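K.L.:
Residue 2 is where the sequence shown starts when you use our numbering, and the numbers rise one by one after that.
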Amino acid sequence: MASRNQNKPPPRTPLTKISNQDDGPNDKRRKVTTGRIMGSTAASRRRQATAVVSNRQDAAVGGNAESVNEELESVKVEFTKEEVDVLINEKIRAKKFDLKGKMEQMNELINKLKLCIKWFQSNEEEHIQELEKLKSLLESAESRCTETETAMKNKEEELNKVIAELKQNIALLQNKLAEQESLKLDAINAHKREKEAMEELEKVHASLIEEHQRAKHEIMDVNQKFASVNADHKRLQEYNKSLQHYNRQLQADVATANDSVKRIEKEKSAIVENLSTLRGHHNLLQEQLTSSKALQDEAIKKKESLGSEIVILRGELQQVREDRDRQLSHVEELNATVAKYKDTTGKSFAMLDDLTSKSNALEERCSSQTEQIQILQHQLAAANEKLKITDLSTSEIRAEFEKKNRVVSELQERLREAELQIADGENLRKKLHNTILELKGNIRVFCRVRPLLPDDSHGTDPAVAFPTSGELVGRGIDLIQSGQKYPFTFDKVFSYDASQQDVFVEISQLVQSALDGYKVCVFAYGQTGSGKTFTMMGRPEAPEQKGLIPRSLEQIFQTSQALKTQGWRFKMQASMLEIYNETIRDLLSPRSTSSDIIRTENGGSGKQYAIRHDANGNTYVSDLTIVDVCSINEVSSLLQQAAQSRSVGKTDMNEQSSRSHFVFTLRIYGTNESTEQQVQGVLNLIDLAGSERLARSGATGDRLKETQAINKSLSCLSDVIFALAKKEDHAPFRNSKLTYLLQPCLGGNSKTLMFVNISPDPSSTNESLCSLRFAARVNSCEIGIPRRQTIRPLESSRLSCG
Ligand code: ADP
Ligand code: MG
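Written out as structure tokens, the structure reads:
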């Protein structure tokens, strides 16, 4: 039965020689200082830490390692980033054969690293706790905030409703007010008009009364005049009568005078006789006669003047009569007018009454409306007051809300900072972890279990399980076969739901180091259908499902662009090959077809594809197409071309791709003009052929040959790895094309990572168990410490691209 311990590394043998000849000028790994102990008693604690370290050494010498660990745990040591960097980059310096010295240095270094890791773990825990606290704080603040927000929103809505109602009311009231005012204005206008009409009528009435009075006076005057004229007329008639009487008297007088004349004449005669006597008498009489004649003339004149006077008086009378008639008709007219006036005045009085009552009604209405308006204005004022209060409370709430928002943003800021710190810490952890692994010199192994597919056998539980608690979360995997559990531990275990990005994140540092001048080798191992190609290549057409190869290239191009600002220029060269039945096939060759393979196999093609390694550990394959690449697009089209070349070789029974090893190589030449530094890194990404055993594949003929070739190359791979692990003098690199091609990457100078791909299908349990056992053995192998390849400025050659 396999146990978790089976893949634990054997105790590390002291290093034979750590040379620093390859270290660049910037290599920080030379200097090592002890960790810093914080606090007021830092010096004493440092002494304590050092004491602990030296005690540990003593104890290690004395074989009491556990007590040392306990002591280590009891000490609280703190490190700065620089110290950690120094620690990481520390080099072991001892004389060539001073194994003990080296061992002690190693132990010391490991102790320091342990201290550092412990410190880092405690730091991380603190960070996580703080983060959780912050998160809970944030959540509570957010929930409070959302509560107040909703309350505020509700309140605001209510207030808005009230405001809207009030506004409606106000609008209604204002409308009403406007109506009432217009009514009032109408009424006032009507009232005014009526008043004016009434005034006019009153004036007319007064003038009529005056006229009536005047007419009455006139009538009276006329009556008086008439009476006086009548009296005059009577007097004149009487005078006329008296004149007629006088006239008649005068005529009688004249007759008597005539009689007297005759008698006088008779007497004359008598007197003539008595003439002498009488002459005297006669003269007297004559005189008497002339005077009487004068008197008569006078009377006649008087009579004539009286006659003319009568005519005048008659005319006057006539005139007076006419006058009187006219006056009478005028009086009649006036009477008629008076009657008419009386009539109209009666009517206008009624109208006046009507108007007065109307005006009274209007005034009443007006006053009631004024009252109503006053009430409405009161209401309006109250509503305005209320509005002001609600405005005030709204602004208060708003202020509170803003305060809360500020608190939230502060908390978010702190959370962000904490997250950044955690991310930094995580990066540091990864770096430290990498460093430890590098120092250990192990091949790192990541395990990835693909999800169950529709084609997998149904109705059965998956054959794998993952620890859900404890320190093995994310690192452990349990394989279950016929009720038995086989636990394994790797550097990282990806379960079904791990995305391509999740997987890439874990290897991105490794990819990055190719740009720093390391040889990096990532290969995927596992049976056919376990997800090797999906992991390495993915489905490039779906961005989410791109595999490690396209993602690594993207990162390399992005980082090389970013490094331009620091003076770095990179030149990249890509090549892709396939090893099928121990034959190399160039996937970027313009005429790459399946017949190529046959020709090559038969030695018919001119191309040899011979593998050579130079003194610097660089590998060359003769006749292999090498393409200069400057952008991810170029690499994408090359990958497409390679995929097409691979699919040409497909057979009916099985995909050839799963029967061949696919090797993608990217050589990176970097030069920094400002620092005159040059680096040369290699990134090998390898999709191995299916690892299933011969019995399982049940192959015959060609297929048998294929399977044998695959098994041979894979067993050669394990032979090489195990020989390296055992530090054997001779590792059988040359036994297969694959191991010979990868020699520099496996031989100790490179960073090697193996993915072991597992299918969760219960029918694959046997193969999965074999794969996991192989991976666990690989994981425990130490193949050496990776070294950065730098070129001294003078050696620099043809670097141009980038
Ligand atoms: P291999 O290369 O090991 O023979 P493949 O990569 O071709 O296996 O995977 C076999 C099938 O499983 C493919 O259809 C692939 O899309 C699918 N597959 C593998 N790994 C995953 C994964 N992590 N998520 C989803 N599908 C996967
Ligand atoms: Mg495949």
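Glycine included, each C-beta is placed from N, C-alpha and C at the ideal position.
These numbers were taken from a predicted model, which means no experiment stands behind them.
1) So what's residue 577 in DSSP terms, helix, strand or just coil?
2) Shorter than 7 Å, the distance from the beta carbon of residue 688 to the closest heavy atom of ligand 2, or not?
3) Given the structure, does residue 454 come close to ligand 1, in the sense that its CB is under 7 Å from one of the ligand's heavy atoms?
4) Please list, in chain order, all residues of the same chain as residue 540 whose beta carbon is under 6 Å from its beta carbon, the five residues on each side excluded.
5) Taking residue 671 and residue 571 to be in contact with their CB atoms under 8 Å, please state how far apart those CB atoms are, rounded to whole angstroms.
6) Do you know offhand how far residue 729's Cα is from residue 744's?
7) Residue 90 lies in the alpha helix (DSSP H); which residues open and close that run?
8) For residue 88 and residue 113, which I take to be in contact (beta-carbon distance under 8 Å), what is that distance rounded to the nearest angstrom?
9) When the Cβ atoms of the stretch 331-347 are set against those of the stretch 213-220, are three or more pairs found closer than 8 Å?
10) Would the stretch 409-423 count as touching the stretch 487-495 if we require 3 or more Cβ pairs under 8 Å?
11) In this structure, how does DSSP classify residue 236 when only helix, strand and coil are distinguished?
12) Of all the options 458, 454 and 466, which has the alpha carbon lying nearest to the alpha carbon of residue 448?
13) Which two residues bound the contiguous beta strand (DSSP E) that contains residue 444?
14) Helix, strand or coil: which one does DSSP assign to residue 524?
15) How about residue 636 and residue 710: do their beta carbons lie closer than 8 Å?
16) Going by Cα to Cα distance, which pick from 718, 484 and 567 is closest to residue 678?
17) How far does the alpha helix (DSSP H) with residue 531 in it reach, from first residue to last?
18) Kindly indicate which three-state DSSP category residue 488 falls into: helix, strand or coil?
19) Taking the alpha helix (DSSP H) that residue 767 belongs to, which residues open and close that run?
20) Pairs of beta-carbons, one from the stretch 362-371 and one from the stretch 145-152, closer than 8 Å: are there three or more?
21) Locate the beta strand (DSSP E) running through residue 78, then write down its first and last residues.
22) Taking contact to mean 3 or more Cβ pairs, one atom from each stretch, closer than 8 Å, check whether the stretch 221-234 and the stretch 324-333 are in contact.
23) For residue 534, is the beta carbon positioned less than 7 Å from some heavy atom of ligand 2?
24) Measure the C-alpha to C-alpha separation of residue 190 and residue 209 and round it to an integer number of angstroms.
25) Note down, one range per segment and in chain order, each beta strand (DSSP E) of at least 3 residues found wholly within the stretch 623-697.
26) So is the beta-carbon of residue 659 under 7 Å away from any non-hydrogen atom of ligand 2?
27) From the DSSP secondary-structure annotation, give me the bridge partner or partners of residue 494.
28) Taking the alpha-carbon positions, what's the residue 759 to residue 542 distance?
29) Taking the continuous beta strand (DSSP E) assigned at residue 587, which residues delimit it?
30) Quick check: the Cα distance between residue 661 and residue 484, rounded to an integer number of angstroms?
31) Between which residues of its own chain and residue 408 is the CB-CB distance below 7 Å, once the five residues before and five after are set aside?
32) In the DSSP assignment, find the beta strand (DSSP E) that holds residue 757 and state where it starts and stops.
33) So is residue 218 buried or exposed if we call it buried at 16+ other beta carbons inside 10 Å?
34) Tell whether a beta-carbon distance below 8 Å holds between residue 137 and residue 528.
P.N.:
In terms of the structure at hand:
1) For this step, residue 577 is matched to residue 576 along the sequence shown. Reduced to three states, the DSSP call for residue 577 is strand.
2) Residue mapping note: residue 688 aligns to position 687 of the sequence shown, counting from 1. Within the cutoff, so yes.
3) In the sequence shown, the residue the question calls residue 454 occupies position 453. Yes; taking the cut-off as 7 Å, the Cβ of residue 454 has a heavy atom of ligand 1 nearer than that.
4) What you label residue 540 is simply residue 539 of the sequence shown in a count that begins at 1. Taken in chain order, the residues that qualify are 546.
5) The count along the sequence shown starts at 1 and reaches residue 671 at position 670. The count along the sequence shown starts at 1 and reaches residue 571 at position 570. Residue 671 to residue 571, Cβ: 5 Å. Contact.
6) Here residue 729 refers to the residue found at position 728 when the sequence shown is read from its first residue. Here residue 744 refers to the residue found at position 743 when the sequence shown is read from its first residue. Distance between the alpha carbons of residue 729 and residue 744: 15 Å.
7) Within the sequence shown, the letter at position 89 stands for residue 90. Note, residue 90: premise wrong, no alpha helix (DSSP H); not H, not E.
8) The residue labelled residue 88 in the question sits at position 87 within the sequence shown. The residue labelled residue 113 in the question sits at position 112 within the sequence shown. With 8 Å as the limit, residue 88 and residue 113 qualify as a contact, their Cβ atoms being about 6 Å apart.
9) yes
10) no
11) Locating residue 236 in the sequence shown gives position 235, counting from the first residue. Reduced to three states, the DSSP call for residue 236 is helix.
12) In the sequence shown, the residue the question calls residue 448 occupies position 447. Checking every option, the nearest Cα to that of residue 448 belongs to 466.
13) Within the sequence shown, the letter at position 443 stands for residue 444. It is not in any beta strand (DSSP E) - residue 444 carries neither H nor E in the DSSP assignment.
14) As a position in the sequence shown, residue 524 is number 523, starting the count at 1. Correct three-state label for residue 524: strand.
15) Numbered from 1 along the sequence shown, position 635 holds the residue referred to as residue 636. Numbered from 1 along the sequence shown, position 709 holds the residue referred to as residue 710. No, the Cβ-Cβ distance between residue 636 and residue 710 is not below 8 Å.
16) On the sequence shown, residue 678 is found 677 positions in, with the first residue counted as 1. Considering only alpha carbons, the answer is 567.
17) What you label residue 531 is simply residue 530 of the sequence shown in a count that begins at 1. No alpha helix (DSSP H) contains residue 531, which DSSP labels as neither H nor E.
18) On the sequence shown, residue 488 is found 487 positions in, with the first residue counted as 1. In the structure shown, residue 488 sits in a strand (DSSP, three-state: E or B).
19) For the purposes of this step, residue 767 is taken as residue 766 along the sequence shown, with counting starting at 1. Unbroken alpha helix (DSSP H) run through residue 767: 766-780.
20) no
21) For this step, residue 78 is matched to residue 77 along the sequence shown. From DSSP, residue 78 is part of no beta strand (DSSP E); its letter is neither H nor E.
22) yes
23) Locating residue 534 in the sequence shown gives position 533, where the first residue counts as 1. Yes.
24) Along the sequence shown, one-based indexing puts residue 190 at 189. Along the sequence shown, one-based indexing puts residue 209 at 208. Near 27 Å, if we compare the C-alpha coordinates of residue 209 and residue 190.
25) 628-630, 662-673 and 678-688
26) Translated into the one-based positions of the sequence shown, residue 659 becomes position 658. Yes, since a heavy atom of ligand 2 falls inside the 7 Å radius drawn around the Cβ of residue 659.
27) Translated into the one-based positions of the sequence shown, residue 494 becomes position 493. Residue 494 pairs with 448.
28) Within the sequence shown, the letter at position 758 stands for residue 759. Within the sequence shown, the letter at position 541 stands for residue 542. About 24 Å.
29) Numbered from 1 along the sequence shown, position 586 holds the residue referred to as residue 587. Start and end: 584-587.
30) Residue 661 sits at position 660 when you count from the first residue of the sequence shown. Residue 484 sits at position 483 when you count from the first residue of the sequence shown. Looking at the two C-alpha atoms, the distance is approximately 35 Å.
31) Along the sequence shown, read from residue 1 onward, the residue named residue 408 stands at position 407. Only 142 meet the Cβ criterion.
32) Within the sequence shown, the letter at position 756 stands for residue 757. Unbroken beta strand (DSSP E) run through residue 757: 751-759.
33) Taking the first residue of the sequence shown as 1, we reach residue 218 at position 217. Counting Cβ neighbours within 10 Å, residue 218 comes out exposed, since fewer than 16 surround it.
34) Taking the first residue of the sequence shown as 1, we reach residue 137 at position 136. Taking the first residue of the sequence shown as 1, we reach residue 528 at position 527. Contact flag unset, no.
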